[in-house]
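The structure under discussion appears below in the form of structure tokens.
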Amino acid sequence: MKNLGILLSGRGSNLEAIARNIEAGRIPGRIAVVISNREDAPGLALARDLGLEVRYLPSKGKQREAYDREVVDVLRQCRVDVVCLAGFMRVLSPYFVRAFPGRILNIHPALLPSFPGLEAQRQAWEYGVKFTGCTVHLVDEGVDTGPIICQAVVPVFDEDTVETLSERILKEEHRIYSEAIRLLLEDRVHIQGRRVLRKDAPALSLGRPGEGEREAGSGFDPHSP
Ligand code: GRF
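Structure, rendered in structure tokens:
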């Protein structure tokens, strides 16, 4: 059983979705620790209510790497295999990223590489795109730049506000974050440059129509093997 470490600074709805999917047997792992840099993060209280191991590590006034060393120490003490950023409002230092190579995930509320950074839902809404969505990606040393594991597309309606759009995106976040975690924990993906490929996907055949073709897209079907 692989150990997850969840890092958050806010509400914690993604943490909750992950915890529920673990409980339902859809993710072959356990949450070893939830770490927050904010004492008043509702996600921290939620984690306590869920009976999870919780650590508050204040970041205020600390150098980025010095803080990250503290976090990495706790993650190692808790024998964490995969780190999930779930609304953790800090950019990780290269030290942190190198401590868990290919084993840090982030969820971003837009279709990267569009609208990286803060308030991605508002950025998309203000830009006037007709579709946006969310992205789960591996964390590299840039901001929202790592290889993409999965994405979900969400329509933008004329009557949407930033709030209604954000809600629609959040539902998809809760679905695809668990899907990505499962793929990683089950060792079902491999990385080729920037591309994260499914190990179990049949090869596409070139030149012989029909043979080896497969449907595009792969919704998280919790009941599929
Ligand atoms: C989500 O919108 C996520 O995409 C972004 O931060 C937000 C966290 O929400 N990275 P929650 O705390 O999981 O509810």
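Using our numbering, you'd call the opening residue of the sequence shown number 94 and step up by one each time. No residue lacks a Cβ here, since even glycine has one placed at the ideal position from N, Cα and C.
To which residues of the same chain is residue i closer than 6 Å at the C-beta, ignoring the five residues directly before and after it?
i       : result
Ser-259 : Gln-214
State yes or no: is the C-beta of residue i within less than 9 Å of the C-beta of residue j?
i       : j       : result
Ile-242 : Val-190 : no
Ala-179 : Ile-200 : yes
Ile-111 : Ile-128 : no
Val-255 : Phe-224 : no
Leu-137 : Leu-168 : no
Pro-206 : Thr-238 : yes
His-267 : Asn-130 : no
Ile-269 : Val-229 : yes
Gly-103 : Pro-135 : yes
Cys-227 : Ile-197 : no
Arg-275 : Arg-119 : yes
Leu-277 : Val-165 : no
Determine the direct distance from the alpha carbon of residue j to that of residue i, and round the result to whole angstroms.
i       : j       : result
Leu-139 : Arg-291 : 33 Å
Arg-172 : Asn-96  : 7 Å
Ser-271 : Asn-114 : 7 Å
Gly-286 : Phe-181 : 26 Å
Glu-212 : Val-184 : 15 Å
Glu-158 : Phe-193 : 14 Å
Arg-123 : Pro-248 : 33 Å
Pro-209 : Ala-203 : 7 Å
Thr-257 : Ala-117 : 28 Å
Tyr-149 : Glu-163 : 11 Å
With DSSP as the reference, please indicate the residues paired to residue i in a beta bridge.
i       : result
Arg-123 : Asn-96
Ile-284 : Val-289
Tyr-149 : Ser-129
Pro-206 : Answer is none; Pro-206 lacks a bridge partner.
Thr-228 : His-201, Gln-244
Cys-177 : Ile-99, Leu-198
Might you give, ordered along the chain, the residues of its own chain that have their beta carbon closer than 7 Å to the beta carbon of residue i, omitting 5 neighbours on each side?
i       : result
Ser-311 : Only weak support exists for where Ser-311 lies, its pLDDT of 45 falling under 50; the coordinates are left without a value.
Gly-221 : none
His-283 : Leu-290, Lys-292
His-316 : Reliability of the predicted coordinates at His-316 is poor, the pLDDT of 46 falling under 50, and no value is obtained from them.
Val-147 : Val-127, Leu-137, Ala-140, Arg-141
Does the beta-carbon of residue i, which I'm using as the reference point, lie nearer than 8 Å to any heavy atom of the ligand GRF?
i       : result
Ser-106 : yes
Gly-136 : yes
Ser-259 : yes
Pro-202 : yes
Ile-197 : no
Ala-125 : no
Ala-179 : yes
Cys-243 : no
His-103 : The amino acid at residue 103 is misidentified as His; the sequence shows Gly. Indeed, a heavy atom of the ligand GRF lies less than 8 Å from the Cβ.
Ile-128 : no
Glu-132 : no
Please list, in chain order, all residues of the same chain as residue i whose beta carbon is under 8 Å from its beta carbon, the five residues on each side excluded.
i       : result
Gly-235 : none
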